[in-house]
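All remarks here apply to the structure that follows.
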Ligand SMILES: [Zn+2]
């Protein structure tokens, strides 16, 4: 199975604007960020969470704690994968009890990743609430999960793939829509 | 009844013969060897590109009967011998009961007679009950048909018992076949002691466990003037002891097995109990020394130490597995493939080591293509390529570390008393 | 890097990359152990069985809890009460366990090579939890994890293994594992307990503690078994202790930050003194925790992927 790039749907500026808007929405929805923590889902949710924290600090002057969640051990498709994905550390070095957690990921698709992330969070403590922020919502949900903050809604077909590139990991900031070619 | 073996390379070390010729058998006797023998009225075996040899003799096999028929019996054992290219075998006495009395000898001979395939020469025990204490009734055993004595399976621990055995057999001109092993040094041993026993974590059997006993037995032969024959000799220094003893005029002979000549202790890493054998497979330097000793004549014969086992005895934890290799059906092919084809052993020497070699040690009537001799012949197809498939063995013992190997050079036809008993792996 | 093995039988067969993957995977596993909620759902629906033909509560419990933390169903086959005592063949026992549907078997056996034999005869994955005097790969992995955690690296360290090398599967597995990371390995003990041709394994053999421990980064002390003295391999435990018991006076030969390991259970006053066992150089307790983490990593790597793919 391979992929072919179709077109860029967000460039660096578009991503920047979307994150700034989400930062404002988080502050607005929670009436400030006193009790808010950001937790990014490995891998691209991590850098996005840190960027949101920077923007929130720029707006509110408050340093919001950021953590990184590795959900590998909570995935529901482990036994059907061809080989095991690498397990990485979860880096949440603060207490999440009674916190409002904003879970951050790049793309919302089937909802399974978010489901795994919520299970993983519950094993770390007992948050007051969990909200979800994603850069792209591409539809095709398989679980009753909905994002609270969305950078861009992108209707896609299942034959397409959304690739989010971030400077920190990929050396570039953009969102590309790709076509899946060959048998899946 | 005329059988003409036509156009083969006739090799008879007993008569210094190695030439392409015909060989005629009449009424079970070799009647003529020559070029273009008249084939009128004869059944003809086309032996072109074949080796025509005196019937091979395996002087060390365990036929297991009486007592252990679940491992092997005289019928299956002699069938295995026949397809393996052997026209005669000497069977070791560690049966149940042991061969320490004339009735057991007669039982074996009758069974072998009835099986009617290859000659079976029983070997009697050295000690009563193979208990290592009192000498067996050697004269009685010989009269019943034994050709030598041995407590094989275990050593004669007491030096004075071995001394008496060597002294006593001197009268009869037969050898004492000695399984040389110091049981205290070899205790609980699973394989040759060395680098590979270290890395496989298996208790080692040091080469010295054999050499100590070889040294003792040679000294006792020297003391008594008896004939000591070292069974399944496997170490470099055992060979050195034999060489030195010969130089002093000691009456010592020795045999070596195909597996000790071709397999090293390294293969035990799979913990495949089919490679578990006593004496153990040795390291490369010992193997090299054994091959050199084949070439220089230190070794008198090749014998299989055919030790068939029931599947249950091998299909278990390595440490609990029985020792031994089912060897009759692979011996010739292994030697042909690994030594002869590789240029490590002259084909003429191979024939000597399988024929007049053992015959001379035991004073057997055989191992020769003398005119007028009984027509026991082994015909080998040096180009035959076959896979070792234990499940197709005639022997009940499928325990071979050569399983699955593709070997070149197999017995083609085995003739006993002028009659074809086996052809290309099948009983006729 | 994928872990594509049906079985883990020894360190000799593992590549450096495979070892690295196991050790790296053990890091997040150790995080899980340190949490309040130690269970993750990873191996839900998987079943493993521990089969110990030789007593070792420590290793068995470590595997058992590792499986449980990962949500695998874990069963211990108590050998004393099982059919083994009734003379059933090992082959039949294994077949019975296999048809119960276990995915993985952890096996401890007093006879070298038995896990190899079992692995050949079953479709279950087999982890060798110590076979005779051959290998104990998970012990070596946890030792390596502990060393790497303390020293930051394994590369080029000088490691001394002290005691009964001849009978030690821990020594063999450590030698194989550490030598893949360029460690300089020394073995030291009485000459009767140094196996033949051990230096062909790429180690240096010593009889003197002073020489062997000079400038080492790590000392791994092996357990000495009373039976060895009874078998005549050394004259008395006292004499052994006088010559080879690791005590504070020996530590001064080693590097200042030397690490002391012991696979446990310890014979204090025989192979190790209490002051060393409890001293600042000892990571003996941490080894136990790391053992669980390393075993979790292995169970994840061996049961976490699709079986068909691994077999293929
Ligand atoms: Zn023997």
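Chains as they are written, first to last, in my numbering: chain U, 2 to 185; chain D, 2 to 429; chain R, 1303 to 1614.
Ideal Cβ positions, reconstructed from N, Cα and C, are used throughout, including at glycine.
Residues that residue i contacts on chain R, provided the C-beta gap is smaller than 8 Å
i                      : result
residue 201 of chain D : 1414, 1415, 1436
residue 124 of chain U : 1337, 1339, 1341, 1342
residue 120 of chain U : 1343
Nearest-angstrom Cβ-Cβ length linking residue i and residue j, presumed shorter than 8 Å
i                       : j                       : result
residue 354 of chain D  : residue 302 of chain D  : 5 Å
residue 1431 of chain R : residue 1361 of chain R : 5 Å
residue 31 of chain D   : residue 372 of chain D  : 6 Å
residue 1515 of chain R : residue 1552 of chain R : 6 Å
residue 222 of chain D  : residue 231 of chain D  : 10 Å between Cβ atoms; not a contact.
residue 378 of chain D  : residue 55 of chain D   : 7 Å
residue 404 of chain D  : residue 412 of chain D  : In fact, because the Cβ distance is near 18 Å, the residues do not count as touching under 8 Å.
residue 58 of chain D   : residue 367 of chain D  : 6 Å
8 Å Cβ cut-off: residues of chain U touching residue i
i                       : result
residue 1333 of chain R : 90, 91
residue 1376 of chain R : What residue 1376 of chain R touches in chain U: nothing, since even the nearest Cβ is about 17 Å away.
residue 1327 of chain R : 87, 88
Strand pairing of residue i, partner residues [DSSP]
i                       : result
residue 25 of chain U   : BP columns for residue 25 of chain U are empty, so no partner.
residue 409 of chain D  : D:386
residue 122 of chain D  : D:91
residue 142 of chain U  : The partner list for residue 142 of chain U (beta bridge, DSSP) is empty, contrary to what the question assumes.
residue 55 of chain D   : D:378
residue 9 of chain U    : U:177
residue 1508 of chain R : R:1490
residue 255 of chain D  : D:231
residue 143 of chain D  : Per DSSP, none; premise fails for residue 143 of chain D.
residue 1285 of chain R : The requested residue 1285 of chain R does not occur in the structure, where chain R is confined to residues 1303 to 1614.
Coil, strand or helix - residue i by DSSP
i                       : result
residue 1 of chain D    : The requested residue 1 of chain D does not occur in the structure, where chain D is confined to residues 2 to 429.
residue 266 of chain D  : helix
residue 190 of chain U  : For chain U, the structure presents residues 2 to 185; residue 190 of chain U sits outside this window and is missing.
residue 88 of chain D   : strand
residue 1598 of chain R : helix
residue 15 of chain D   : helix
residue 343 of chain D  : coil
residue 260 of chain D  : helix
residue 349 of chain D  : helix
residue 431 of chain D  : There is simply no residue 431 of chain D to check, as chain D begins at 2 and stops at 429 in what is shown.
residue 22 of chain D   : strand
residue 360 of chain D  : helix
residue 83 of chain D   : helix
residue 97 of chain U   : coil
residue 394 of chain D  : coil
residue 178 of chain D  : strand
residue 99 of chain D   : coil
residue 1547 of chain R : coil
residue 1455 of chain R : coil
residue 34 of chain U   : coil
residue 105 of chain D  : helix
residue 120 of chain U  : helix
residue 1577 of chain R : helix
Interface partners of residue i on chain U, CB under 7 Å
i                       : result
residue 1606 of chain R : 79, 85
residue 1352 of chain R : The premise fails here: residue 1352 of chain R is roughly 21 Å from chain U at the closest Cβ pair, so nothing lies under 7 Å.
residue 1603 of chain R : 85
Under 9 Å from the C-beta of residue i: neighbouring residues of chain U
i                       : result
residue 1330 of chain R : 71, 73, 74, 88, 89, 90, 91
residue 1363 of chain R : Residues of chain U passing the Cβ test: none, with the nearest at roughly 22 Å.
Contact test: residue i Cβ vs ligand 2 heavy atom, cutoff 7 Å
i                     : result
residue 92 of chain D : By its list of ligands, the structure shown excludes ligand 2, since it contains just ligand 1.
Beta-carbon neighbours of residue i, restricted to chain D and to distances below 7 Å
i                       : result
residue 1392 of chain R : 317, 318
Partner residues on chain R for residue i, Cβ-Cβ distance less than 7 Å
i                      : result
residue 205 of chain D : 1498
residue 272 of chain D : 1415, 1418, 1419
Contacts that residue i makes with chain D (C-beta to C-beta distance below 9 Å)
i                       : result
residue 1503 of chain R : 196, 199, 200
Closer than 8 Å between beta carbons: that is the criterion. Which residues of the region 1404 to 1423 of chain R meet it against chain D? 1411, 1413, 1414, 1415, 1416, 1418, 1419
Can you give me, in chain order, the residues of the region 1434 to 1454 of chain R that have a beta carbon less than 7 Å from any beta carbon in chain U? none
Taking only beta carbons into account, state which residues of the region 1574 to 1597 of chain R come closer than 9 Å to chain U, listed in chain order. none
Identify each residue in the region 298 to 329 of chain D for which the Cβ-Cβ distance to at least one residue of chain R is less than 8 Å, and report them in chain order. 313, 316, 317, 318, 319, 320, 321
Select from the region 1466 to 1493 of chain R all residues with a C-beta closer than 7 Å to any C-beta belonging to chain D, and list them in chain order. 1471, 1474
So if I threshold CB-CB distances at 9 Å, which residues from the region 153 to 186 of chain D count as touching chain R? none
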